[in-house]
Amino acid sequence: MSEMNMVQAINSALDVMLDRDENVLVFGEDVGYFGGVFRTSDGLQEKHGAHRVFDTPLSEGGIAAIAFGMGLNGLRPVCEIQFADYIFPAYDQIVNEIAKLRHRSGGEFWTPVTIRTPAGGGIRGGHHHSQSPESQFTHTPGLKVVYASTPYNAKGLLISAIESEDPVVVFEPKRCYRGPFYGDPHNVPTWADHPDADVPEGHYTIPIGQARLAKEGDECTIVSWGTMVHVCEKAIEMSGASCDLIDLQSLVPWDRDAIVESVSKTGRCIIVHEAPKTSGFGAEMAASIQERCFWGLEAPIRRVTGWDTPFPHTTEWDYMPSPSRIAEAIRETVEA
Amino acid sequence: MSEMNMVQAINSALDVMLDRDENVLVFGEDVGYFGGVFRTSDGLQEKHGAHRVFDTPLSEGGIAAIAFGMGLNGLRPVCEIQFADYIFPAYDQIVNEIAKLRHRSGGEFWTPVTIRTPAGGGIRGGHHHSQSPESQFTHTPGLKVVYASTPYNAKGLLISAIESEDPVVVFEPKRCYRGPFYGDPHNVPTWADHPDADVPEGHYTIPIGQARLAKEGDECTIVSWGTMVHVCEKAIEMSGASCDLIDLQSLVPWDRDAIVESVSKTGRCIIVHEAPKTSGFGAEMAASIQERCFWGLEAPIRRVTGWDTPFPHTTEWDYMPSPSRIAEAIRETVEA
Amino acid sequence: MTDDKSIHVPDAPFRPGEKASFGKWDYAPGDLEKPDPEACSSDDTRAHAEGLIRVLGDDDSRSGAWDPDIDDGILLEGLEHMVRLRIFDERMMKMQRTGKLSFYMRSLGEEAIAIAQTMALQNQDWVFPTYRQPGAQFVRGRDMVSMICHCIGNVEDNVKGRQMPVHYTYRDGRYISVSSPVGTQFSQAVGVAMASAYKQLDEVTITWIGDGASAEGDYHYALNFASVYRAPVILNVVNNQWAISTHANLASGSSTFADRGLAYDVPSLRVDGNDFLALYSTTQWARQRASTGKGATHIEVLTYRAGAHSSSDDPSRYRPSDESSAWPGGDPIDRLKRHLISVGSWSDEKQEALEARIDGEVMQAYKEAVKYGDLAEGPYPSSDTIFTEVYSEVPWHLREQWDEMNRLRGD
Amino acid sequence: MTDDKSIHVPDAPFRPGEKASFGKWDYAPGDLEKPDPEACSSDDTRAHAEGLIRVLGDDDSRSGAWDPDIDDGILLEGLEHMVRLRIFDERMMKMQRTGKLSFYMRSLGEEAIAIAQTMALQNQDWVFPTYRQPGAQFVRGRDMVSMICHCIGNVEDNVKGRQMPVHYTYRDGRYISVSSPVGTQFSQAVGVAMASAYKQLDEVTITWIGDGASAEGDYHYALNFASVYRAPVILNVVNNQWAISTHANLASGSSTFADRGLAYDVPSLRVDGNDFLALYSTTQWARQRASTGKGATHIEVLTYRAGAHSSSDDPSRYRPSDESSAWPGGDPIDRLKRHLISVGSWSDEKQEALEARIDGEVMQAYKEAVKYGDLAEGPYPSSDTIFTEVYSEVPWHLREQWDEMNRLRGD
Ligand SMILES: Cc1ncc(C[n+]2csc(CCOP(=O)(O)OP(=O)(O)O)c2C)c(N)n1
Ligand SMILES: Cc1ncc(C[n+]2csc(CCOP(=O)(O)OP(=O)(O)O)c2C)c(N)n1
Ligand SMILES: [Mg+2]
Ligand SMILES: [Mg+2]
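Protein chains in written order, with our numbering: chain A, 1 to 336; chain B, 1001 to 1336; chain C, 2001 to 2411; chain D, 3001 to 3411.
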């Protein structure tokens, strides 16, 4: 074990997989010589060669397209989209092509592409460096979708994604690359001494489809993913309530059993995410949970989310769910 | 008034707006000389000139991009994406650009683009001529989204969209272009004699944001849009239950008051759509409705939807929600 | 119609009611030299990108530097594949009209393209087609029964009723699944080729895109990535003049499609797409470049879509109905046949016999295929196929929905 | 590192620790003629797309067919704008380092581009920039205080704190809002231009894209649509050698960027991007084409990004730190200054005085701007601006969320 921040953990996952499987290739904009604008592939080109870790033209559509072809022809491409906001030029290749190849070809062809992308706000990125577009991928059969929150799960989920026979989109909360975020922009902790920064140096996986119980309690269930997991931790503390905090980790497929079990216990549920409310993945969670847990629910399922607006620059702290906003929702739900 | 099928109603909407406003331009693949592969712009180039109604290169991204620029520079571009399945190469231009221009520029610029696109299944289109990707647009602040179901609302919604100062994506259920569809592929009625085929020849609008009560009842509320509205009509009949059938018409913004009022009355709700279940717009409906109507609900809100798989070709009738599948959900919900 | 000061909208050269006249090709066999494929730069191919490579002349003889060194046996094989494709297409169109299949797309007038080009390759090479290159499957030995079963979408459809007809997939022949969104395969093919290069295998990838679809971003990605990484790929633009009702002049200005490749530093050729020999030869040349590490070649295949776009289309609404007969490229089957007759390797009688034999084969394949069901009557692939192969394993939410479907079916 | 038989991955010409040496330009002023803008075909510009149009020679004199007919007053105005931009950039970088703003991007070495090109246009023309063309705003008369307020994101930011710094918008100057996704403006600009054509106004649109961003689909859409509809647009690729850490050789093969335009039948020029006069002159030429209905011009602006990509970037990790001094194009400000001195219209003393004056102006603008708040201390635009202008009117769901935010804020 070794203490790693999230960037190091991701780097380690890539390194481990490049070592283990010669079919793994890593590429994207500024990923090769430079090691990525967030440094997640730092040193990997030098170690593994430019034919395995390389720069691409500035073309997300082209990146996804060559990944499709490489995966079809026996490789395990791992590509980076520099910011999740820039994944949309590749959207057609991902949702119409990569996701559907296995099915459309009667199982004759498939492409186990992994697409990594830094997502979410909190770095003063404004409109186009802050979006968290996970829900726009969860509606596409054939894709798996995961969202990391800590160094430990970032590495374990990424290795699972690379080893998966299915295409996986891996969201990484860029705000947490170098430390957890508890909702206070003036308090910038690193991952030092955080239990989830204790990361094995070698190979391990976190199965896709498995949630993580980050905190245990019995009055309310909080479901979240990415940066918001840490903000929820703080919010629970502020609320004074006893809550299960479930870090979803995988969005497709998601761990319904874990959530149903928790909500059956608590009778109350709040979903927290950064993305806008309307048609965010919180909608799917709320809809599914009320379907299953209806008779045991003691209050409506609440969603605490980003507003239905673009992501702002200077006023981002009024946009992202804050510990106090979440805490208030917890109090109201517990008292309902 | 005059009897029109949906293709004629759409053609009439375009014609009326081309006549009324010289800033309206109509374009897309095969839209000009030929009049569109579904004939929705038939005769319009001849009448209004090739500088107003014209063919474009086969490039959805380019179509959306020039629409952005034209709208910014004072025109009202109305573009067609030949099938909704092919809207994804334009996704970046729509969700990152068209939707956000007004906000990102502090209100200095905006672009009132209308994007029309035939969506949905039932025409043996398989994988890539059947998708109904509306929910993938509802998560984007700045966009309005409407979904027609009859000749009458197709024309009224399209005129509202063209007149809107905001960008609007207009989905048209291609299965209903020439007649309503009640879930039986062997029974192919036309719009003849249907009350909603009685369409004014001139200008009228259906306000964006307004739902339509297609049928009244008191045991259960059915919310649907597009082709499924007609299938639900049949299903309600089969179920023997007395239901409110709400044709949503607008997805963003949606008519919450109408639905809350109905669900408050019936205490039960089912949402029906063709698109896959996970993160379909039904999720947003269910999540929102339980939030508002929790204390009055007597059964979980159900979703009857396409499966979480790509859309098949030969077996499409086992994919799309059928009257009997919906009827069973109604019975179960009413009895719950 | 357009005021010249307003938006300029190009029209097609000829519209219904007008007389189509294209003149003759400006280039004859022998006009263009054959550069050394391994030594040549993209600049060395400028004349080839702006001209037209031909081997079969107007007098049906073969000549010039591009005349490939192949014997008539191969040509006869090519002729047979082309005849098979044309008869196959006719049969399928008939089936479509009688409701046995939902939709169809013919290769009429373009039969030489995929057949000659695939024959010029090795069996280990990957073929990444659009709906207009089904002929490659004959070259790779696919059984017609299996092709028809796909088109009908019956129980034996290897695509399992999931895609529309003509969306073939044929892994054994390294013929990659056809996708409806046009253009996507073009850029993907570069990735397939890069994987071959990575594995250091002597494998080349060939792909095609339509004149219309070349306006998609994927065309640009393909040429750029292929150029940067020197991918062993052959990138063909099939310029058949039309994209449904839209003329090719909405996809290019007055420059040729082949010209585009040069701007990416990719050697580029323009070839008579109805000339079997020229297609064969240019593809061999491109393969040699690819397999010796010299990277991609871009080929504009100049042809004419002689039929409707698809069974849903009526071209008489947007072009003169006799336009195809005015096309200077002629009929690829006739041209090859006449050449073989002229050199004494073939005869009208043999051609008739061939057509009759193949007609019989197609008829027999058809009869066998419909035994496994047709669109009107079924049996169809089980609706279980809706849920399989979405993922490598069935996740819980699909399992649950599958169970629900079974319950509704009364299973 | 790469085995040549495996994937070929091009490297940058020089990396840290290596010595950069580019040699001299192959082209001197006078080497290229000036075709008639209204009569010329794309083919007539081949030499211009492959060569390099220059006016200011290595000896600082101006010459050749492209020497524009403008007097020194205009050049002095351009010089002043460039000096202002450089000093402005320095001040902003300092503010960024002290936490007054979150992020910054300089135009260092590229100041001439947007300034000369915008000066060559008319005021009714539309400017559709990337983050690397803020200088156009000076030409259109924008107040620096307002620019700084945007960069700080304070209460006076006309973008209302919604976008990162440098994402200016300036409607009064027809300077269209900058967007972060690279490339999108290039194709949108064609639509802006088509609208001008539709309205039959004498309005031209100018836009730019980076060498890196030219790999996006939008580049292809822009050239294709502009060619087809003969849009009155000037499409510039700013080839400054780098896209963050990625060298331009990953965006083009050995052909020039200007070459690309020819393949779309769009007349194309390659111009020395550090030569104010050559930029002015080529843009005037392109404007004449556009405003006389001749359609688009494609211009490759050859330059060098002398600074870091942005305040978040450290180029010493991926290129020799003295690479910019090896660049043969020199410094655009110095070159114009030396020319003006050489013809007797300017002097080192005047230059010093100019710099001192502008330094004072920038300092004063800065002081005024921070009165309206800075990033560290605020005041910021009200968070109400989160909800306004998402739509033309506030729909119920936003109104409800806005109320919720107000409640949380204790309003
Ligand atoms: C992305 C996308 N947009 C639109 C379509 C609808 N469509 C199918 S074929 C076609 C025309 C294609 O023309 P071309 O590329 O020239 O190929 P051809 O049919 O002539 O072989 C169109 C517009 C599609 N399949 N995919
Ligand atoms: C679609 C998209 N992908 C990635 C990025 C991240 N990014 C910002 S600038 C940049 C490099 C741009 O290089 P170039 O186009 O050459 O312009 P330059 O910065 O040199 O002016 C990248 C990759 C982005 N902004 N948008
Ligand atoms: Mg075509
Ligand atoms: Mg650059």
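Note that the Cβ used here is the ideal one computed from N, Cα and C, for glycine as well.
As the structure is a prediction and not an experimental result, all values here were calculated from the model.
- Taking 7 angstroms as the cut-off, one finds no heavy atom of ligand 1 near enough to the beta carbon of D:Val3182.
- When the Cα atoms are used, C:Gln2137 and A:Glu3 turn out to be separated by approximately 55 angstroms.
- If you look at D:Asp3348, you'll find it in the alpha helix (DSSP H) that goes Asp3348 to Lys3371.
- Chain B places no beta carbon closer than 8 angstroms to that of A:Asn73, leaving this residue out of the contacts.
- Per DSSP, the continuous alpha helix (DSSP H) segment holding C:Thr2184 begins and ends at Thr2184 to Tyr2198.
- With a threshold of 8 angstroms between beta carbons, A:Gly69 makes contact with chain C.
- The continuous alpha helix (DSSP H) containing C:Leu2279 extends over residues Phe2276 to Ser2291.
- Around A:Glu172, no beta-carbon contact reaches into chain D at under 9 angstroms, the shortest distance being about 17 angstroms.
- The Cβ atoms of B:Ser1012 and B:Lys1234 lie no closer than 8 angstroms to each other.
- Cα atoms of B:His1273 and B:Gly1306: separation of roughly 7 angstroms, rounded to the nearest angstrom.
- For A:Tyr319, the enclosing alpha helix (DSSP H) stretches over residues Glu316 to Tyr319.
- For A:Gly49, the three-state secondary structure derived from DSSP is coil.
- The nearest non-hydrogen atom of ligand 2 is less than 7 angstroms from the C-beta of D:Thr3130.
- Where D:Tyr3221 is concerned, the enclosing alpha helix (DSSP H) starts and stops at Gly3217 to Tyr3229.
- As computed with DSSP, B:Lys1215 is found in a beta bridge with B:Leu1245.
- C:Thr2130 sits close to C:Val2182, with the two beta carbons spaced by under 8 angstroms.
- Contact between the segment 2293 to 2312 of chain C and the segment 2252 to 2271 of chain C is present: 3 or more CB-CB pairs across the two stretches fall below 8 angstroms.
- Residues of the segment 86 to 103 of chain A whose Cβ lies closer than 7 angstroms to any Cβ of chain B, in chain order: Phe88, Pro89, Tyr91, Asp92, Val95, Asn96, Lys100 and His103.
- Annotation: A:Thr111 has no Cβ neighbours in chain D at a cutoff of 7 angstroms; minimum Cβ distance is about 17 angstroms.
- In the DSSP assignment, B:Cys1176 falls outside any alpha helix (DSSP H) and carries neither an H nor an E.
- Going by C-alpha positions, B:Arg1124 is about 9 angstroms away from C:Phe2103.
- The alpha carbon of B:Tyr1086 has as its nearest neighbour, out of A:Tyr91, A:Asp308 and A:Asp85, the alpha carbon of A:Tyr91.
- In this structure, the C-beta of C:His2309 approaches ligand 1 to less than 7 angstroms from one of its heavy atoms.
- At a cut-off of 8 angstroms between C-beta atoms, D:Thr3130 does not count as an interface residue with respect to chain A.
- As computed with DSSP, A:Arg76 is found in a beta bridge with A:Val24.
- Set against 7 angstroms, the gap from the CB of D:Asn3240 to the closest heavy atom of ligand 4 is smaller.
- For the set B:His1127, B:Val1146, B:His1129 and B:His1128, the Cα lying nearest the Cα of B:Ser1135 is the one of B:Val1146.
- When secondary structure is reduced to three states using DSSP, C:Ser2268 falls in the strand class.
- Restricting attention to C:Gln2364, C:Ser2382, C:Leu2354 and C:Gln2401, the CA atom closest to the CA of C:Val2083 is found in C:Leu2354.
- Apart from the 5 residues on each side of it in sequence, B:Gly1282 sits with its Cβ closer than 7 angstroms to the Cβ of Ile1271, His1273, Arg1303 and Thr1305 in its chain, given in chain order.
- Sorting B:Val1026, B:Gly1062, B:Ile1063 and B:Gly1036 by C-alpha distance to the C-alpha of B:Gly1049 places B:Val1026 at the top.
- Of all residues in the segment 1108 to 1140 of chain B, those with a C-beta nearer than 7 angstroms to a C-beta of chain A are His1127, His1128, Ser1135, Gln1136, Thr1138 and His1139, reading in chain order.
- DSSP, read as helix, strand or coil, puts B:Leu1058 in coil.
- Between D:Gln3133 and the set D:Ser3177, D:Val3145, D:Val3159 and D:Ser3345, the nearest pair of CA atoms involves D:Ser3177.
- Shortest gap from the CB of A:Pro89 to any heavy atom of ligand 2: under 7 angstroms.
- Of the residues assessed, A:Gln82 falls on the buried side of the cut-off, its CB having 16 or more other CB atoms within 10 angstroms.
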